[in-house]
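Right, one structure below, let's go through it.
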DNA sequence: ACCTGAACACCGTTCAAGT
DNA sequence: ACCTGAACACCGTTCAAGT
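Chains as they are written, first to last, in my numbering: chain A, 241 to 423; chain B, 241 to 423.
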């Protein structure tokens with residue numbers, strides 16, 4: 241069923257919309273970004289957006305997917321770095337998306353599709369963190385708790401900003417309590 | 241300047257509104273609760289609310305203050321309990337307000353008054369947690385990091401619900417890594 | 001001082017109509 | 001298939017007017 245020509249056009253237009261939406265969501269926040277504004281910046285009528293995305297939450301999910309997959313591609317290069325540096329990198333990487341993370345948390349109860357995306361994202365995150373911690377010698381029975389703690393601390397640090405120096409000290413302390421002592 | 245009579249009336253009406261707002265915010269969520277609905281359930285016209293509260297965020301802050309001070313009164317009785325039990329109690333206590341916590345985080349960037357409330361709340365929370373951890377024998381240089389970790393983990397557990405059994409196991413593990421080993 | 005009816009400027013979304 | 005103008009039902013908030 242190769243309707244290739246049309247499909248390319250469609251996904252090109254989708255991407256065009258998503259680039260605009262991402263920029264606005266990240267800079268203004270989800271609530272403060274109206275569909276009209278996204279349409280205006282894309283150069284279409286407001287209701288045109290609904291031909292490409294079912295609603296505003298679908299738009300948000302698509303934007304989140306873009307952000308996450310971009311971050312994951314970058315992350316591949318840092319798989320071998322020490323744990324402490326990896327965590328600090330993640331913190332810097334997610335800094336811009338801090339507002340969107342808070343939005344996701346506040347909308348899981350009201351938008352089932354977003355809730356599904358959220359649980360799935362955490363599954364992925366936990367999985368990669370598990371293998372990462374295992375590689376760094378964390379004991380098998382502690383892996384689950386250690387991974388959860390790490391994730392929660394990252395989210396906490398994003399929601400409650402502190403200075404770069406404090407961040408480094410905190411992450412160092414966290415890693416030292418989680419990683420087995422070196423001899 | 242004792243305008244006592246009027247002041248009493250006023251604060252009585254305020255409380256009446258707050259009881260309604262609290263019930264709706266907790267059950268429906270902040271966004272899903274309209275000012276009109278609060279007014280309707282209180283039995284006044286929508287714009288009447290603005291005579292008592294400057295805007296919807298002021299209403300939210302007043303509700304949060306009610307919830308927090310009630311929780312703190314209850315907490316006084318549990319100051320002496322073991323750390324593990326204290327944390328589990330807090331988790332249960334905040335469970336209903338989970339949605340509001342997420343709302344606070346997502347609105348700090350857009351509502352300065354809420355942001356101020358939020359930082360102040362965390363200051364209080366951190367302070368009581370610090371004395372609590374100190375009393376449980378946590379080393380002085382670790383206090384700050386341990387308190388932060390505890391707070392972040394609590395917030396994380398609220399935002400990402402798990403079974404009661406998992407909660408207990410996780411909290412037990414957390415306390416065991418933070419508290420000094422007993423001999 | 002306290003409360004309201006009516007209006008304002010917005011919002012996300014839908015629908016009938018055009019090409 | 002793609003896009004739009006116009007409308008719908010809402011939203012938080014303001015304002016002039018009443019008592």
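Every residue, glycine too, gets a C-beta built ideally from N, C-alpha and C. Only a predicted model underlies this, so the values are computations on that prediction, with no experimental measurement involved.
The beta carbon of residue 331 of chain A lies closer than 8 Å to those of 394, 397, 398, 407, 411 in the same chain, with the five residues before and after it left out.
Distance from the Cα of residue 303 of chain A is smallest, within the candidate group A:341, A:286, A:323, for A:341. At a C-beta separation below 8 Å, residue 413 of chain B has these neighbours in chain A: 382, 385.
Counting the other CB atoms within 10 Å of its CB gives residue 377 of chain A a total below 16, which places it among the exposed residues. One thing to note: residue 400 of chain A has its Cβ within 8 Å of the Cβ of residue 362 of chain B.
Around residue 374 of chain A, the same chain offers 380, 383 as residues with beta carbons nearer than 8 Å, after the five sequence neighbours per side are excluded.
In chain B, no part has a C-beta under 9 Å from the C-beta of residue 288 of chain A; the shortest such distance is about 26 Å.
DSSP places residue 293 of chain A outside both helix and strand once states are collapsed to three, so it counts as coil.
In the DSSP assignment, residue 352 of chain A falls within the alpha helix (DSSP H) that extends over 352 to 375. For residue 284 of chain B, the three-state secondary structure derived from DSSP is coil. Note on residue 323 of chain B: 16 or more other CB atoms within 10 angstroms of its CB, so buried under the neighbour-count rule. Inclusion of residue 260 of chain A and residue 294 of chain A in the CB contact set at 8 Å is not warranted, their separation being larger than that value.
Nearest to residue 365 of chain B by alpha-carbon distance, out of B:392, B:250, B:255, B:339, is B:392. For residue 371 of chain A against residue 358 of chain A, the beta-carbon gap comes to about 21 Å, at or over 8 Å, which does not count as contact.
Residues of the region 334 to 351 of chain A with a C-beta less than 7 Å from any C-beta of chain B: 339, 342, 343, 345, 346, 349, 350, listed in chain order.
Chain-order list of chain B residues neighbouring residue 246 of chain A: empty, with the shortest C-beta distance near 38 Å, by a criterion of under 8 Å. Going by DSSP, residue 417 of chain B is part of the alpha helix (DSSP H) stretching over 404 to 418. Interface annotation, residue 399 of chain A: in contact with chain B, CB-CB separation under 8 Å. Under the three-state reduction of DSSP output, residue 274 of chain B falls in the coil class, being neither helix nor strand.
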